[in-house]
């Protein structure tokens, strides 16, 4: 029941155009699945982008490392790859804003495995003492 109520809330926020300003909560991964189910299995790119951005920025319940670790088993690979790319790209270019990085979602959706590998490679490249 809580999932359905939260799905209704997120849907209303989407319609108002304020989803991006909303902090994610524990269980929103299941809410994402509920919204997808309601849409006839159509992937919800705005919800996926919202979750990826929150995960990359450690917003909401993702501020907790345990929640980020749990997300790896709950979110779909394209969402995780998108989050990984956003995290490393915003580290690589300090003044980058996620709104400047729409290509990250497209890359993650097209080939989440390759996008994840790119994120890992870039992370190694910018980590002191690491060899890319």
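Numbering (our numbering), first residue to last: 14 to 145. For glycine and all other residues, C-beta sits at the position ideal for the given N, C-alpha and C. None of the values given here were measured: they were computed from a predicted structure.
Ranking 117, 141, 50 by CA distance to the CA of residue 131 puts 117 first. Across the structure, residue 41 and residue 113 are spaced so that their CA atoms are roughly 25 angstroms apart. Where residue 44 is concerned, the enclosing alpha helix (DSSP H) starts and stops at 41-51. For residue 75, the closest of 93, 59, 58 by C-alpha to C-alpha distance is 93. Here residue 106 carries a coil assignment [DSSP, helix/strand/coil].
For residue 26, the uninterrupted alpha helix (DSSP H) segment begins and ends at 15-29.
Counted as a single uninterrupted DSSP element, the alpha helix (DSSP H) harbouring residue 136 occupies residues 125-139. Remark: C-beta atoms of residue 64 and residue 102 do not approach each other more closely than 8 angstroms.
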